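Participant: Once you've had a glance at the structure underneath, I'll fire off some questions.
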Amino acid sequence: MSSDIWERSIELIDCDDHFRTVKNTREAVEFLLTSWSGQKGPAYAAARKACLRALEGKKPDIDPQAAFIAAAAESGILRAN
């Protein structure tokens, strides 16, 4: 199922400098659409597309979690562990 818990949670820094944890594709879509404070460049678009396709039950071109991590890293909101 597309909203299953990811093997590794992703920690982000939101627009209020608080930490936020994303644990699955459904949470990633919610964050991308409502809380994204980083730039919305090509990596953001790819993550959004991959996550939405996965939630719709369609096979995404790229892994939603990997795409989400790449977008967060590109935007500078990925929290370094």
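Taking this note's numbering, the leading residue of the sequence shown gets 3, the next gets one more, and so forth.
Glycine included, every Cβ here is placed at the ideal spot set by N, Cα and C.
Keep in mind the model is a prediction, meaning the values are calculated, not measured.
1) Can you tell me the Cβ-Cβ gap for A82 and C53, rounded? I've got them flagged as a contact below 8 Å.
2) Tell whether a beta-carbon distance below 9 Å holds between L14 and I79.
3) Taking the straight line between their C-alpha atoms, what separation do you get for K25 and S77?
4) Please confirm whether D6 and T27 have their CB atoms less than 9 Å apart.
5) Let me know the secondary structure DSSP gives S77 once reduced to three states.
6) Output needed for K51: all residues of its chain with C-beta closer than 6 Å, excluding positions within five of it in sequence on either side, in chain order.
7) Would you list the residues sitting across from R50 in a DSSP beta bridge?
8) By the three-class DSSP mapping on this structure, what secondary structure does I64 have?
Facilitator: So, from the listed chains and residues:
1) Contact flag wrong, Cβ pair sits at about 22 Å.
2) yes
3) 19 Å
4) yes
5) helix
6) none
7) None, per the DSSP bridge assignment.
8) coil
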